[in-house]
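Peer 1: In the numbering used here, the protein residues as written are 271 to 494.
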Ligand code: DX5
Ligand code: ZN
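1) Residue 452: buried (16+ other C-beta within 10 angstroms of its C-beta) or exposed?
2) Heavy atom of ligand 2 less than 6 angstroms from the Cβ of residue 311, yes or no?
3) Just list the residues that DSSP pairs residue 357 with in beta bridges.
4) Quick one: which unbroken beta strand (DSSP E) runs of 3-plus residues sit fully inside the stretch 393-443? Chain order, please.
5) Starting from residue 466 and walking both ways along the beta strand (DSSP E), at which residues does that stretch end?
6) When DSSP labels each residue in this structure, what does residue 445 get in the three-state scheme?
7) Which same chain residues, not among the five before or five after residue 317, have their C-beta less than 7 angstroms away from its C-beta?
8) Buried or exposed: where does residue 367 fall if 16 or more other Cβ atoms within 10 Å of its Cβ makes it buried?
9) Let me check you understand the geometry: is the CB of residue 466 closer than 6 angstroms to at least one non-hydrogen atom of ligand 1?
10) Between which residues of its own chain and residue 414 is the CB-CB distance below 7 angstroms, once the five residues before and five after are set aside?
11) Report yes if the C-beta distance between residue 457 and residue 278 is below 7 angstroms; otherwise report no.
12) Quick check on residue 389: does DSSP put it in helix, strand or coil?
13) Indicate the three-state DSSP secondary structure (helix, strand or coil) for residue 276 in the structure shown.
14) Helix, strand or coil for residue 304? Go by DSSP, reduced to three states.
15) Ordered along the chain, which non-local residues of its own chain (more than five positions away) have a Cβ less than 7 angstroms from that of residue 487?
16) Compare the C-alpha of residue 378 against each of 437, 385, 389, 358 and name the closest.
17) With a threshold of 6 angstroms, establish whether the CB of residue 446 neighbours any heavy atom of ligand 2.
18) Taking Cβ positions only, does residue 460 come closer than 7 angstroms to chain E?
19) Relative to the C-alpha of residue 389, which residue among 478, 422, 432 is closest?
20) Run through DSSP, which three-state label would residue 340 get?
21) Considering just the uninterrupted stretch of the alpha helix (DSSP H) at residue 476, what are its terminal residues?
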C-alpha cells in the first residue's frame with residue numbers, strides 16, 4: 271500500500287475564514303484539498319463554483335481535488351481547470367460518453383477522476399481504467415456532508431482495488447463520505463489510498479489535531 275493521503279473537504283469549513291482553514295490543514299500535513307461542487311440537480315444541494323475555486327487557488331499550492339456533483343459536467347471542465355483545479359472528477363452516472371469526458375479533462379492538463387455512487391457497480395469503470403488517474407468510491411449518497419458511512423461500500427472498495435491492481439496501472443482509489451478515525455482504517459484496509467474528510471476535520475474545534483488523529487488511525491501501526 272502506498273502512503274495514504276488525506277483530502278479535507280472544505281464543504282464543512284467555515285467560509286468566513288476559508289484561506290486560514292486551508293492553511294491550517296496544510297500546516298497539519300495534508301497535500302490535497304477536496305472541493306465539492308453541487309448543482310441542485312444531480313444532487314439536491316448547491317455549494318459553490320469556479321470563482322471560489324479560483325480564490326482558494328490564489329492562497330495555496332495544495333493539490334485541488336475537484337469533485338463535480340453536477341449534471342453535464344462537460345460544460346464546466348474548462349472553467350474549473352482555469353480556476354486552478356488539478357484533479358477533476360466526474361460522476362459516471364451523468365456521463366454517457368465517459369471516455370470523451372475523461373480524455374478532455376486530461377487534454378486540459380488536469381488529472382481525470384471518475385466517481386461512483388453507492389448504487390453504481392464497479393464494473394461500470396473497468397473499460398476506462400487506461401484513461402483515468404483516480405476512481406472515487408462514494409461511501410455515502412452524494413449531496414451532503416455529515417452523513418453516515420455506508421458499510422456495504424467496503425466490498426466495492428475491495429473490488430475496485432483488485433481491478434486497479436489487475437490493470438497494473440497507478441490509479442488513486444479515493445473514498446468520500448462519513449470518513450473518520452473509525453471508518454478510515456476500514457476503507458484503507460479494503461484498499462483506499464485517498465481519504466476525503468469533511469466533518470471529521472473541519473467540523474471539530476481543533477482541526478490540526480483532527481488531521482493528526484486521522485493520519486494516525488491509518489498508520490500501519492493502527493490499521494488492522
Ligand atoms: C458528499 C461530498 C463529500 C462530503 C464529505 O456529497 O462529496 O465530499 O463533503 O463530508 P463528510 O466527511 O462530512 O461525510
Ligand atoms: Zn466529495
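We put the beta carbon where it would ideally sit given N, CA and C, even for glycine.
Remember, it's a predicted structure, so these values are computed and weren't measured experimentally.
Peer 2: Considering the structure as presented:
1) Counting from 1 along the chain shown, the entry for residue 452 is found at position 182. So residue 452 ends up on the exposed side.
2) Taking the chain shown and counting its residues from 1, the one referred to as residue 311 is at position 41. Flag unset: Cβ of residue 311 not near ligand 2.
3) Stepping through the chain shown from its first residue, residue 357 is reached at position 87. According to DSSP, which records beta bridges pairwise, residue 357 is partnered with 335, 381.
4) 404-408
5) The residue labelled residue 466 in the question sits at position 196 within the chain shown. Here the beta strand (DSSP E) through residue 466 covers 464-467.
6) Here the question's residue 445 lines up with position 175 in the chain shown. Residue 445: strand per DSSP, three-state reduction.
7) Counting from one through the chain shown, the residue named residue 317 turns up at place 47. Contacts found: 281, 306, 307, 308.
8) By 1-based counting over the chain shown, the position of residue 367 is 97. Label assigned to residue 367: exposed.
9) Here residue 466 is taken as the residue at index 196 of the chain shown, counted from 1. Yes, since a heavy atom of ligand 1 falls inside the 6 angstroms radius drawn around the Cβ of residue 466.
10) As a position in the chain shown, residue 414 is number 144, starting the count at 1. Correct list, in chain order: 315.
11) Locating residue 457 in the chain shown gives position 187, where the first residue counts as 1. Locating residue 278 in the chain shown gives position 8, where the first residue counts as 1. Against a cut-off of 7 angstroms, the Cβ pair of residue 278 and residue 457 comes out as no contact.
12) In the chain shown, the residue the question calls residue 389 occupies position 119. Of the three classes helix, strand and coil, the one that applies to residue 389 here is coil, per DSSP.
13) In the chain shown, counting from the first residue as 1, residue 276 sits at position 6. Correct three-state label for residue 276: strand.
14) By one-based count along the chain shown, residue 304 stands at place 34. The answer is strand: DSSP assigns residue 304 an E or B state.
15) As a working mapping, residue 487 is identified with position 217 in the chain shown. Contacts found: 451, 454, 455.
16) By one-based count along the chain shown, residue 378 stands at place 108. It is 358 whose Cα lies nearest to the Cα of residue 378.
17) Translated into the one-based positions of the chain shown, residue 446 becomes position 176. Yes, since a heavy atom of ligand 2 falls inside the 6 angstroms radius drawn around the Cβ of residue 446.
18) As a matter of chain content, chain E is missing from the structure shown, which is built from one protein chain.
19) Numbered from its first residue, the chain shown carries residue 389 at position 119. For residue 389, the nearest C-alpha among the options comes from 422.
20) Looking up residue 340 in the chain shown gives position 70. Coil at residue 340, not helix or strand.
21) Translated into the one-based positions of the chain shown, residue 476 becomes position 206. Careful: residue 476 lies outside any alpha helix (DSSP H) and carries neither H nor E.
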